[in-house]
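Peer 1: Numbering-wise (the numbering used here), the sequence shown opens with residue 47 and increments by one.
After the structure tokens below, expect a handful of questions from me.
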Amino acid sequence: MNQSRAGAIKVWSPQLQWEKRDDGCYVIWRVDPLGPHPDKITERMVHWATVDPDRIWMAERDDAGGWRKLAYGEALRQIRALGQLFLDHGLSADHPVLILSDNSIAHALVALAAQYVGVPSAAIAPAYATHVGDFGKLADIAGQVTPGLVFADDVTPFAAAIEAVFAPSVPLLFCRNAPSASRPMIGWDEALATPPGPAVDEAYAAVGPDTVAKFLFTSGTTGSPKAVIQTQRMLCSNQEMVADCYAFLRDDPPIVVDWAPWNHTASGNKVFNMVIYNGGTFYIDKGRPTPAAIGETIANLKEVSPTWFFNVPAGYEMLIAAMRKDDQLRESFFRNLKFMLYAGAGMAQHTWDDLMALSEQTLGYRVFLGTGLGATETSPFALFCTEPQDAPGNIGIPSQGITLKLVPFEEKFELRLKGPNVTPGYWRNPALTAAAFDEEGFYRIGDAVRFAVPDDPTAGFFFDGRTAENFKLQTGTWVAVGKLRAQLVDQFGGLIRDAVITAPDREDLGALVIPFLPALRPLVPGGDQMSDAELLARPEVRAALADKLKAHAKAATGSASRVVRIMIMTEPPRFDRGEVTDKGSINQRAVLSHRKDLVEALYEGGPDVIGVK
47 MNQSRAGAIK
57 VWSPQLQWEK
67 RDDGCYVIWR
77 VDPLGPHPDK
87 ITERMVHWAT
97 VDPDRIWMAE
107 RDDAGGWRKL
117 AYGEALRQIR
127 ALGQLFLDHG
137 LSADHPVLIL
147 SDNSIAHALV
157 ALAAQYVGVP
167 SAAIAPAYAT
177 HVGDFGKLAD
187 IAGQVTPGLV
197 FADDVTPFAA
207 AIEAVFAPSV
217 PLLFCRNAPS
227 ASRPMIGWDE
237 ALATPPGPAV
247 DEAYAAVGPD
257 TVAKFLFTSG
267 TTGSPKAVIQ
277 TQRMLCSNQE
287 MVADCYAFLR
297 DDPPIVVDWA
307 PWNHTASGNK
317 VFNMVIYNGG
327 TFYIDKGRPT
337 PAAIGETIAN
347 LKEVSPTWFF
357 NVPAGYEMLI
367 AAMRKDDQLR
377 ESFFRNLKFM
387 LYAGAGMAQH
397 TWDDLMALSE
407 QTLGYRVFLG
417 TGLGATETSP
427 FALFCTEPQD
437 APGNIGIPSQ
447 GITLKLVPFE
457 EKFELRLKGP
467 NVTPGYWRNP
477 ALTAAAFDEE
487 GFYRIGDAVR
497 FAVPDDPTAG
507 FFFDGRTAEN
517 FKLQTGTWVA
527 VGKLRAQLVD
537 QFGGLIRDAV
547 ITAPDREDLG
557 ALVIPFLPAL
567 RPLVPGGDQM
577 SDAELLARPE
587 VRAALADKLK
597 AHAKAATGSA
607 SRVVRIMIMT
617 EPPRFDRGEV
627 TDKGSINQRA
637 VLSHRKDLVE
647 ALYEGGPDVI
657 GVK
């Protein structure tokens with residue numbers, strides 16, 4: 047039980063064991079075994095549809111602005127109808143369902159119906175299919191998985207991509223705005239009217255732990271996105287790990303208001319399946335953590351009080367600003383809240399402190415706030431910190447069933463993992479699969495970590511950057527990019543959202559910074575009325591950034607931790623280049639690769655550069 051200064055919540059009681067090898071490696075594992083779990087996620091859907099068919103499973107906004115809700119019992123009926131449709135079209139692992147859709151109830155039903163009858167689905171980032179004139183990555187994805195059917199909730203945004211990429215023989219299942227019939231077309235109502243026969247029950251019975259549930263694609267920073275195999279064993283074992291960690295969910299089914307895209311593992315696996323596993327309710331939030339879209343999230347949170355909440359740090363910062371002005375939002379948000387999770391980027395100390403202060407103001411105690419670590423290849427839940435913290439960053443300890451291997455790497459440790467939640471590999475790519483695992487079968491996640499307390503795994507770990515992001519200065523000194531990036535963002539006190547550290551083989555460090563416009567506008571009289579470009583050119587903004595840079599440089603302890611020049615990235619990171627994910631996470635290597643002109647300009651000096659001596 048975690049009580050401390052937070053509200054009492056029931057969490058895991060881990061038992062950790064480890065050994066340090068002669069080569070300096072640590073191997074760390076949980077003594078308490080992973081609990082029993084189903085062979086397929088859809089077993090939990092069947093369970094809740096049987097024991098409480100009228101319980102609300104999912105809700106989304108309808109055209110009138112109200113909530114359209116779907117109960118577990120009716121959802122299962124629709125899943126079985128869609129499952130029969132997929133069998134009728136001969137879908138299989140070799141010819142799965144490809145999903146082009148934002149989060150929606152129909153999207154959820156298609157994904158679960160496919161799993162119900164043993165057919166994988168592949169939800170694709172909508173941006174791959176909406177970047178006009180460039181569907182190259184979508185074509186690569188289609189070539190990897192060879193879909194037998196495409197689903198689009200609303201066809202309009204994807205019509206050009208569908209016609210350009212998929213053969214005319216590939217059927218299109220749609221809900222709205224079907225184009226002229228250039229391929230077999232299946233309307234949503236027609237699909238739901240399909241009567242399920244014995245074949246559906248036979249297919250459901252044949253689904254087991256090794257059945258491929260879905261394919262998830264990594265961001266594809268360089269080259270094509272990779273199809274990561276997600277088996278039922280991975281998903282089910284991972285949900286038991288989640289249920290062990292967030293033990294309160296067994297007695298208190300989660301109420302979730304969530305925007306994160308289902309083509310990513312964080313929400314598409316962890317949050318989506320967590321709701322089903324524990325009989326909760328998922329309210330689909332069509333907002334985003336951007337100035338233009340946060341309003342919808344705010345409206346949803348004023349109507350629905352979540353019990354479990356996830357966001358990226360930028361999203362929390364926007365909510366904090368809104369809650370300071372809106373007591374109704376603040377009270378609704380915290381009313382039933384037991385747990386807050388952040389991921390996708392490092393959280394600044396001021397953001398952490400503000401969330402704690404707002405929860406204490408509202409409830410009289412601190413709501414739990416924490417983070418962990420995982421990847422698409424780990425389903426994703428792998429490590430989590432449930433011990434009360436006074437600062438962000440501790441990613442915790444391994445989940446039940448997971449073994450960690452820490453390999454010495456540049457004065458820190460490279461993290462590797464093994465467990466039932468780890469992917470067997472990449473679809474139709476044996477070479478990439480072989481390279482992903484070491485000689486003992488541990489998955490190379492590509493992250494570096496450091497002990498929170500030296501040589502004490504029980505105290506958890508801190509993320510210490512991607513192993514491939516670190517570089518050397520001209521002096522030969524290694525730069526720990528992840529750690530420095532988090533420090534810089536924190537030291538700028540909310541004025542920047544993220545930063546890209548520059549650059550290998552230079553004399554000193556710089557950064558391309560991504561401004562946080564809501565925090566910059568109050569610095570300038572009339573800032574709310576200015577365009578982004580006008581705002582960023584104002585001397586008040588540049589002076590504020592310069593002051594923060596000077597304070598950072600003064601506090602730094604050496605050349606590998608001191609950024610001495612910055613430039614504002616006026617063009618946002620681009621998804622189609624792999625510079626940013628649709629969760630908003632920045633990819634350092636991709637930005638440096640595509641913004642070489644900015645890096646050169648940063649080191650040449652000039653009016654756009656803000657520097658210190």
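Think of the CB as a built atom: it goes at the ideal place given N, C-alpha and C, for glycine as much as any other residue.
Under a Cβ-count criterion, where at least 16 other Cβ atoms within 10 Å of its own Cβ denotes burial, should residue 469 be classed as buried or exposed?
Peer 2: As a first step, residue 469 is located in the sequence shown; it is residue number 423 there, counting from the start. Classification for residue 469: buried.
Peer 1: Going by beta carbon distance, what residues of the same chain come within less than 7 Å of residue 408, once the five residues before and after it are set aside?
Peer 2: As a working mapping, residue 408 is identified with position 362 in the sequence shown. Answer for residue 408: 376, 377 and 380, listed in chain order.
Peer 1: In the structure shown, what three-state DSSP assignment does residue 49 receive?
Peer 2: For the purposes of this step, residue 49 is identified with residue 3 of the sequence shown, where counting begins at 1. Reliability fails at residue 49, whose pLDDT of 37 lies under 50, so the model's placement of it is uncertain and the value that follows must be treated cautiously. Coil, per DSSP.
Peer 1: Return the CA-CA distance between residue 155 and residue 93, expressed in angstroms with no decimal places.
Peer 2: Along the sequence shown, one-based indexing puts residue 155 at 109. Along the sequence shown, one-based indexing puts residue 93 at 47. So the two alpha carbons sit approximately 16 Å from each other.
Peer 1: Between 117, 490, 525 and 170, which has its C-alpha nearest residue 101's C-alpha?
Peer 2: Within the sequence shown, the letter at position 55 stands for residue 101. Of 117, 490, 525 and 170, the residue nearest in Cα terms is 117.
Peer 1: Is residue 274 close to the ligand NAP? I mean its beta-carbon at under 8 Å from any heavy atom of the ligand.
Peer 2: For the ligand NAP, the structure offers nothing, since it holds no ligand at all.
Peer 1: Buried or exposed, going by whether 16 or more other CB atoms sit within 10 Å of the CB of residue 642?
Peer 2: Here residue 642 is taken as the residue at index 596 of the sequence shown, counted from 1. Burial call: exposed.
Peer 1: Of all the options 310, 627, 605 and 561, which has the alpha carbon lying nearest to the alpha carbon of residue 617?
Peer 2: The residue you call residue 617 lines up with position 571 of the sequence shown. If we check each option's Cα against that of residue 617, 561 comes out closest.
Peer 1: Suppose you measure from the CA of residue 95 to the CA of residue 120; what does that come to, to the nearest Å?
Peer 2: For the purposes of this step, residue 95 is identified with residue 49 of the sequence shown, where counting begins at 1. For the purposes of this step, residue 120 is identified with residue 74 of the sequence shown, where counting begins at 1. Between residue 95 and residue 120, the C-alpha separation is close to 8 Å.
Peer 1: Report the CB separation of residue 158 from residue 88 in whole angstroms; it is logged as a contact under 8 Å.
Peer 2: Within the sequence shown, numbered from 1, the residue matching residue 158 stands at position 112. Within the sequence shown, numbered from 1, the residue matching residue 88 stands at position 42. Right, their Cβ atoms sit about 6 Å apart.
Peer 1: Buried or exposed: residue 136, going by 16 or more other Cβ atoms within 10 Å of its Cβ?
Peer 2: Looking up residue 136 in the sequence shown gives position 90. By the neighbour-count rule (16 or more Cβ atoms within 10 Å), residue 136 is not buried but exposed.
Peer 1: Taking the alpha carbon of residue 384 as the reference point, which residue from 370, 402, 140 and 371 has its own alpha carbon closest?
Peer 2: By one-based count along the sequence shown, residue 384 stands at place 338. Comparing Cα-Cα distances from residue 384 to each of 370, 402, 140 and 371, the minimum goes to 402.
Peer 1: Judging by CA-CA distance, which residue of 125, 535 and 645 is the nearest neighbour of residue 661?
Peer 2: In this structure the chain extends from 47 to 659, so residue 661 is not present and cannot be described.
Peer 1: In this structure, does DSSP put residue 398 in helix, strand or coil?
Peer 2: For the purposes of this step, residue 398 is identified with residue 352 of the sequence shown, where counting begins at 1. Three-state result, residue 398: helix.
Peer 1: Distance check for residue 319 and residue 203, CA to CA, integer angstroms please.
Peer 2: Here residue 203 refers to the residue found at position 157 of the sequence shown. Here residue 319 refers to the residue found at position 273 of the sequence shown. Rounded to the nearest angstrom, the two C-alpha atoms are 27 Å apart.
Peer 1: Hey, how far is the Cα of residue 382 from the Cα of residue 290?
Peer 2: What you label residue 382 is simply residue 336 of the sequence shown in a count that begins at 1. What you label residue 290 is simply residue 244 of the sequence shown in a count that begins at 1. So the alpha carbons of these two residues sit roughly 21 Å apart.
Peer 1: For residue 504, collect the residues of the same chain with a Cβ closer than 6 Å to its Cβ; drop the 5 residues on either side in sequence, then sort them by chain order.
Peer 2: Here the question's residue 504 lines up with position 458 in the sequence shown. Cβ within range, chain order: 62.
Peer 1: Report the option in 431, 539 and 400 whose CA atom is closest to the CA atom of residue 369.
Peer 2: For the purposes of this step, residue 369 is taken as the residue at position 323 of the sequence shown. The shortest Cα separation from residue 369 among 431, 539 and 400 belongs to 400.
Peer 1: Grouping DSSP H, G and I as helix and E and B as strand, with all else coil, what is residue 172?
Peer 2: By one-based count along the sequence shown, residue 172 stands at place 126. Residue 172: helix per DSSP, three-state reduction.
Peer 1: What did DSSP end up calling residue 260 once you bin it into helix, strand or coil?
Peer 2: What you label residue 260 is simply residue 214 of the sequence shown in a count that begins at 1. Strand at residue 260.
Peer 1: Count the other CB atoms, across all protein chains shown, that sit within 10 Å of the CB of residue 659; report buried if there are 16 or more and exposed otherwise.
Peer 2: Along the sequence shown, one-based indexing puts residue 659 at 613. So residue 659 ends up on the exposed side.
Peer 1: Taking buried to mean at least 16 other C-beta atoms within 10 Å of its own C-beta, is residue 374 buried or exposed?
Peer 2: Residue numbering aside, residue 374 sits at position 328 when the sequence shown is read from its first letter. Residue 374 comes out exposed.
Peer 1: Would you say residue 255 and residue 240 are within 9 Å of each other, going by their C-beta atoms?
Peer 2: Stepping through the sequence shown from its first residue, residue 255 is reached at position 209. Stepping through the sequence shown from its first residue, residue 240 is reached at position 194. Taking 9 Å as the Cβ cut-off, residue 255 and residue 240 do not qualify as a contacting pair.
Peer 1: Under DSSP, the alpha helix (DSSP H) around residue 364 begins and ends at which residues?
Peer 2: Counting from 1 along the sequence shown, the entry for residue 364 is found at position 318. Per DSSP, residue 364 belongs to the alpha helix (DSSP H) from 359-371.
Peer 1: Would you call residue 514 buried or exposed, if buried means 16 or more other Cβ atoms sit within 10 Å of its Cβ?
Peer 2: Locating residue 514 in the sequence shown gives position 468, counting from the first residue. By the neighbour-count rule (16 or more Cβ atoms within 10 Å), residue 514 is not buried but exposed.
Peer 1: Output the distance between the C-alpha atoms of residue 496 and residue 66, rounded to the nearest integer angstrom.
Peer 2: Your numbering for residue 496 matches position 450 in the sequence shown. Your numbering for residue 66 matches position 20 in the sequence shown. If you take the alpha carbons of residue 496 and residue 66, they lie about 15 Å apart.
Peer 1: List the residues that DSSP assigns as beta-bridge partners of residue 106.
Peer 2: To locate residue 106, count along the sequence shown from 1; it is residue 60. Partner(s): 114.
Peer 1: Under three-state DSSP, which class holds residue 71?
Peer 2: The count along the sequence shown starts at 1 and reaches residue 71 at position 25. The answer is coil: DSSP assigns residue 71 none of H, G, I, E or B.
Peer 1: Given 8 Å as the limit, is there contact between the segment 205-215 and the segment 121-128, that is, 3 or more CB pairs closer than that?
Peer 2: Counting Cβ pairs under 8 Å, fewer than three are found: no touch.
Peer 1: Three-state secondary structure (DSSP) at residue 146?
Peer 2: If you number the sequence shown from 1, residue 146 lands on position 100. In the structure shown, residue 146 sits in a strand (DSSP, three-state: E or B).
Peer 1: Given this structure, state the Cα-to-Cα distance separating residue 160 from residue 361, to the nearest angstrom.
Peer 2: Residue numbering aside, residue 160 sits at position 114 when the sequence shown is read from its first letter. Residue numbering aside, residue 361 sits at position 315 when the sequence shown is read from its first letter. Cα to Cα, the separation comes out at about 32 Å.
Peer 1: Considering only C-alpha positions, which residue in the set 544, 540, 539 and 331 is nearest to residue 527?
Peer 2: The residue given as residue 527 occupies position 481 in the sequence shown. Among 544, 540, 539 and 331, the Cα nearest to that of residue 527 is on 544.
Peer 1: Which residues bound the beta strand (DSSP E) around residue 559?
Peer 2: Position 513 of the sequence shown, counted from the first residue, corresponds to residue 559. It spans 555-561 - the beta strand (DSSP E) in which residue 559 sits, taken as one unbroken run.
Peer 1: Just to check my reading of the structure: residue 556 and residue 649 have Cβ atoms closer than 8 Å, yes? What is that Cβ distance to the nearest angstrom?
Peer 2: Taking the sequence shown and counting its residues from 1, the one referred to as residue 556 is at position 510. Taking the sequence shown and counting its residues from 1, the one referred to as residue 649 is at position 603. Residue 556 to residue 649, Cβ: 7 Å. Contact.
Peer 1: Where does the unbroken alpha helix (DSSP H) through residue 592 begin, and where does it stop?
Peer 2: As a working note, residue 592 is residue 546 in the sequence shown. Unbroken alpha helix (DSSP H) run through residue 592: 585-601.
Peer 1: With a floor of 4 residues, list each alpha helix (DSSP H) that falls wholly inside the segment 513-549, ordered by position along the chain.
Peer 2: As far as the segment 513-549 is concerned, its whole alpha helix (DSSP H) runs of at least 4 residues are 527-537.
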